[in-house]
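As numbered in full-length UniProt numbering, residues 1 to 480 make up the sequence shown, in order.
Read the structure below first, then the notes.
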Amino acid sequence: MVHAEQQDSQTDGAVDGGRSRTASSIVVHRHALECPGCGAFYRQPPRSQLEVHCTRCHTVLRRTTRSPERDTVALAGTGLALFILVGLMPYITFDMRGRENVGTMLGGALAFWEYGLWVLGLIVMFTTLIAPFLRLVGLLAAVTAPRMRKPPRELYILLRVAQWVRPWSMIEVFMLGMLVAYSRLEALAHVRFGVALYALGGLMLVMAAMDWALDPRDAWNKLEARGLVADPVMMGEARRNAATRRFDERHAISCHGCGLVVEGADHDASCPRCGSFLHRRKPDSVTRTIALVVAAVLLYIPANIYPVMIITSLGDTSPHTIVGGVKELIEADMWPLAALVFFASVMVPVLKVIGLVWMILRVRRPSMEGLKTRTRIFHVIEMIGRWSMIDVFVVTILIALVHMGFIATIQPGPGALAFAGVVIITMLAAETFDPRLMWDAAIERQRSTRHSRDQAAEEGPDRVGLVSSSRVSVQGGLSR
1 MVHAEQQDSQ TDGAVDGGRS RTASSIVVHR HALECPGCGA FYRQPPRSQL
51 EVHCTRCHTV LRRTTRSPER DTVALAGTGL ALFILVGLMP YITFDMRGRE
101 NVGTMLGGAL AFWEYGLWVL GLIVMFTTLI APFLRLVGLL AAVTAPRMRK
151 PPRELYILLR VAQWVRPWSM IEVFMLGMLV AYSRLEALAH VRFGVALYAL
201 GGLMLVMAAM DWALDPRDAW NKLEARGLVA DPVMMGEARR NAATRRFDER
251 HAISCHGCGL VVEGADHDAS CPRCGSFLHR RKPDSVTRTI ALVVAAVLLY
301 IPANIYPVMI ITSLGDTSPH TIVGGVKELI EADMWPLAAL VFFASVMVPV
351 LKVIGLVWMI LRVRRPSMEG LKTRTRIFHV IEMIGRWSMI DVFVVTILIA
401 LVHMGFIATI QPGPGALAFA GVVIITMLAA ETFDPRLMWD AAIERQRSTR
451 HSRDQAAEEG PDRVGLVSSS RVSVQGGLSR
């Protein structure tokens, strides 16, 4: 593990706050990067450093392998082959008294459509099929296509999409949901695993390794070198401007899409490399996060009151809530699964809401105390939020397999849609919140406090000497 070398912040006389930001004044600093956790600027680490952390908040700035391009091509190619098996072959067979139902990835999503819950069907289809496919294709194309003689100019769009869908690709969460669903299915009938389940497990491992192998900045740099960017003309001009301008972090903006550090851009300008809108901080971050948190809290109530699924067995119908499912696992002596489901489906949404509210309050009432801890907690919130989709995937698997009429049938309940809404909204809230605002507010308050103390000391009765030596006088007063 290596810590990044902090970027020197030098002010150029040609840069001032009153200067208009035209296209010709934009400067691209290719060798600079901004920490997404605290906003500190650093020089790009050499490729020999495989893992680099921010020295201020310990956020991971770079994590890759020694041969990222070769590893990504191998992993993405393997992932696509496994994805084809996952999409075409059954992953489980449910056999009850000679009647068989086969479960496929697409079948689970389509099952919601049969019950009129097409929104939930789209969510499941996107998170288990569309998002993983887009990520595999996007990264494979971004690494291999620049080697072509005439690569497609719109390649940057694929890489941008591949980055955007990363948190929404939930293969590993579906696998965990499969484990919980199996514990329920086994009590009803005979269950056999299909080829797709093993392919799904392999795909989960491949995508995890692929995320580790490739640093997105390396891929963006390759596209930039070939001119495969959103605005090649502006990019070239901005790079030429960098030769005559020093780096000034007061005017620097890091693109949220590709990480490019730009200086001198208008507030409504677009990134010349990926086309994303440039903002120093995420726009209206606190306001939007508050709105999303409130919406999540309101949805969390029906998500736990209403059943997520309705089970009919030999004519006897019983609704099942999320908490009820945990109780059933406990009664079946499946304590590890019960603890896992309780934590992922009950505790995680609550902890995410509490954590985000705490951070919003710390933006409004800033403090340097515990700032590193809050930043780390935010990254944990970003990472674990998607795991709450376990219950939604359990319902997906069960309704696709158990439809035997009077003998046994499982239907989705209204709580499933409400709970999926809670998971998605809390994930959006975490994406909307900008942790750098906590650092901005705390540093500004610290500066304001120091300035007030300096003024009070200079105006106090212990002030001695000339105005030019006021700092020495204050220090002398404090020592006394």
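The beta-carbon is built from N, C-alpha and C at its ideal position, and this holds for glycine as well.
Is DSSP giving residue i helix, strand or coil here?
i: Ile443; result: helix
i: Arg43; result: strand
i: His379; result: helix
i: Val464; result: Because Val464 sits at a pLDDT of 38, beneath the cut-off of 50, its placement in the model cannot be relied upon, and the point is left open.
i: Asp266; result: coil
i: Val326; result: helix
i: Phe247; result: coil
i: Ile360; result: helix
i: Ile171; result: helix
i: Ala181; result: helix
i: Glu186; result: coil
i: Ser367; result: coil
i: Glu154; result: coil
i: Ser254; result: strand
i: Asp211; result: helix
i: Val308; result: coil
i: Phe433; result: coil
i: Pro319; result: strand
i: Ser313; result: strand
i: Ala242; result: coil
i: Arg273; result: coil
i: Ala162; result: helix
i: Met234; result: helix
i: Ala332; result: coil
i: Leu33; result: strand
i: Val261; result: strand
i: Val229; result: coil
Would the beta-carbon of residue i fall within 8 angstroms of that of residue j?
i: Lys352; j: Ala238; result: no
i: Lys222; j: Pro146; result: yes
i: Met89; j: Val195; result: yes
i: Leu398; j: Ile407; result: no
i: Val302; j: Gly201; result: Looking at the sequence provided, one finds Pro at residue 302 rather than Val. Result no, Cβ atoms of Pro302 and Gly201 do not sit closer than 8 angstroms.
i: Leu401; j: Asn101; result: yes
i: Phe94; j: Ala189; result: yes
i: Glu34; j: Ser254; result: yes
i: Met204; j: Met175; result: yes
i: Ala219; j: Leu159; result: yes
i: His251; j: Ser276; result: no
i: Pro68; j: Ala213; result: yes
i: Leu337; j: Val173; result: no
i: Leu120; j: Met105; result: no
i: Gln44; j: Ala32; result: yes
i: Ile26; j: Ala265; result: yes
i: Leu197; j: Tyr91; result: yes
i: Val348; j: Val326; result: no
Between the options, which lies nearest to residue i when the distance is taken from Cα to Cα?
i: Trp118; options: Ala420, Ile443 and Glu444; result: Ala420
i: Ile171; options: Phe133, Arg184, Tyr300 and Ala181; result: Phe133
i: Tyr182; options: Thr127, Phe393, Arg273 and Ala141; result: Phe393
i: Gly79; options: Leu340, Met210, Asp316 and Val229; result: Met210
i: Ala442; options: Arg362, Ala400 and Thr396; result: Arg362
i: Asp231; options: Ser448, Thr449, Val28 and Met438; result: Val28
i: Trp109; options: Pro412, Ser452 and Leu428; result: The question names Trp, but residue 109 in the sequence shown is Ala. Of the listed residues, the one whose Cα sits closest to Ala109 is Pro412.
i: Val294; options: Val261, Ser270, Glu34 and Ile354; result: Ile354
i: Pro47; options: Ser448, Thr64, Arg135 and Leu33; result: One point to set straight first is that residue 47 is Arg, not Pro, in the sequence displayed. When each option's Cα is compared against that of Arg47, the closest is Thr64.
i: Arg281; options: Ala187, Gly37 and Met204; result: Gly37
i: Cys57; options: Phe41, Gln49, Glu69 and Arg66; result: Phe41
i: Ala296; options: Ser313, Arg447 and Leu356; result: Leu356
i: Gly138; options: Leu129, Val165, Ile123 and Leu122; result: Val165
i: Trp358; options: Met347, Arg374 and Leu136; result: Arg374
i: Pro167; options: Tyr156, Ala208, Val180 and Met178; result: Ala208
i: Met96; options: Leu417, Glu444 and His403; result: His403
i: Ile322; options: Ile123, Ala81 and Ser345; result: Ser345
i: Pro216; options: Gly315, Glu154 and Cys274; result: Cys274
i: Pro366; options: Ile305, Leu278, Arg445 and Leu314; result: Arg445
i: Thr396; options: Ile305, Ile310, Ala162 and Thr449; result: Ile310
i: Trp369; options: Met438, Phe83 and Val233; result: It should be noted that the sequence gives Glu, not Trp, for residue 369. The candidate whose alpha carbon is nearest that of Glu369 is Met438.
i: Met427; options: Arg453, Val350, Thr55 and Ile84; result: Val350
(message) Give the list of continuous beta strand (DSSP E) stretches no shorter than 3 residues that lie fully inside the stretch 389 to 418.
(response) 408 to 412
(request) Evaluate contact between the stretch 430 to 446 and the stretch 277 to 292, counting only Cβ atoms and requiring at least three cross-stretch pairs below 8 angstroms. (result) yes
(request) Evaluate the contact criterion for the stretch 65 to 82 versus the stretch 384 to 399: three or more CB pairs, one atom per stretch, below 8 angstroms. (result) no
(request) Evaluate the contact criterion for the stretch 406 to 425 versus the stretch 374 to 382: three or more CB pairs, one atom per stretch, below 8 angstroms. (result) no
(message) Quick check on the DSSP output: what are the complete beta strand (DSSP E) runs of length 3 or more inside the stretch 37 to 118, in order along the chain?
(response) 41 to 43, 51 to 53, 60 to 63, 92 to 96 and 99 to 103
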